[in-house]
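Under the UniProt record's numbering, the first residue of the sequence shown carries the number 1, and numbering increases by one thereafter.
Idealized CB from N, CA, C, for every residue including glycine.
Note that this is a predicted model, so its numbers are computed, not measured.
Since the structure comes first, as structure tokens, the remarks are kept for the end.
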Amino acid sequence: MQPLRVALVQGATRWHDAPANRDYYGALVRRARGSDLIVLPETFLSGFSNDTRASADTMDGESVAWMRALAQEVGAVLCGSLAIREGDTVYNRLIWARPDGSFEQYDKRHLFRMAGEHTRYGGGSERLIVELKGWRILPQVCYDLRFPVWLRNRRLASAAAGMDYDLAIFVANWPAPRRQPWRTLLRARAIENLSYVIGVNRVGVDGNELPYAGDSAVLDPVGEALVECGALEQVATLTLDPAPLLAHRERFPAWMDADAFTLESG
1 MQPLRVALVQ
11 GATRWHDAPA
21 NRDYYGALVR
31 RARGSDLIVL
41 PETFLSGFSN
51 DTRASADTMD
61 GESVAWMRAL
71 AQEVGAVLCG
81 SLAIREGDTV
91 YNRLIWARPD
101 GSFEQYDKRH
111 LFRMAGEHTR
121 YGGGSERLIV
131 ELKGWRILPQ
141 VCYDLRFPVW
151 LRNRRLASAA
161 AGMDYDLAIF
171 VANWPAPRRQ
181 PWRTLLRARA
191 IENLSYVIGV
201 NRVGVDGNEL
211 PYAGDSAVLD
221 PVGEALVECG
231 ALEQVATLTL
241 DPAPLLAHRE
251 RFPAWMDADA
261 FTLESG
């Protein structure tokens, strides 16, 4: 594992206006040039909307192509979620776009029923683990944060190989009235999984008149904040050092006492 330069892009997403969001977020991403990984909010080209007909693109549409081109331009991995249509189903799909043009995808598993997301979007069934500069990274989307069994970090078969992941990322549109759970759960996920955690949320007010307080953050494996962004538009960068993470796991191997279980899709 090498030091990892990360950037959190906390912006005020324009409602149902992909061209304006491409211009807006493109400018913010270019400010983070020099990073290894740049993280954007959930559904950053549309806002969190159940009007899937208005907001959804396809995998061969302009949105994914734009992310791939921008990743190549700035020489960094670009990560954020989009509303993507496949046939008759729309997914809240996280795209992991690499500067070499390749990409991975993860479909949000836990759909926010309090806003009817589960009635309009299809859910994913597989976790995605990606590697970058020797780090194993688990990218997730918003409401997934509330489900610790799905997120459980376990030791790999070979002790020398480490754990499932070293860094968990949550891209979100998490409204201000629930900001305390957002802040608390990010810390809990870091502590219980012996992992760094990044959460990137949006700011501003969306088309449903919901306010967003940002509170994007980077937490270390004991839940201490390395970065806290507050409620304003911001591009925050820092370098994650693997040494404290590996030392903490060696010093405090709570994974050795974890309960074994099998996760079934459903």
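Classified as buried, residue 140 has 16 or more neighbouring CB atoms from the shown chains inside 10 Å of its CB. In this structure, the straight-line span from the alpha carbon of residue 105 to that of residue 235 is close to 24 Å. Here residue 153 is not near residue 143, since their CB atoms are 7 Å or more apart. Here residue 156 is exposed: its Cβ has fewer than 16 other Cβ atoms, across all protein chains shown, within 10 Å.
Scanning the segment 110 to 166 for uninterrupted alpha helix (DSSP H) segments of 4 residues or longer gives 117 to 120 and 148 to 151, listed from N- to C-terminal end. For residue 230, no alpha helix (DSSP H) encloses it, and the DSSP letter there is neither H nor E.
Look at the beta carbons and you see the segment 91 to 106 touching the segment 116 to 131: at least three pairs across the two are nearer than 8 Å.
Scanning 135, 57 and 24 for the CA closest to the CA of residue 240 turns up 135. For residue 211, the CB contacts under 6 Å within the same chain, skipping 5 residues up- and downstream, are 176 and 205 in chain order. When the beta-carbon positions are compared, residue 170 and residue 110 stay at least 7 Å from each other.
Non-local beta-carbon contacts of residue 163 in its own chain, meaning distances under 6 Å to residues more than five positions away in sequence, involve 153 and 155 in chain order.
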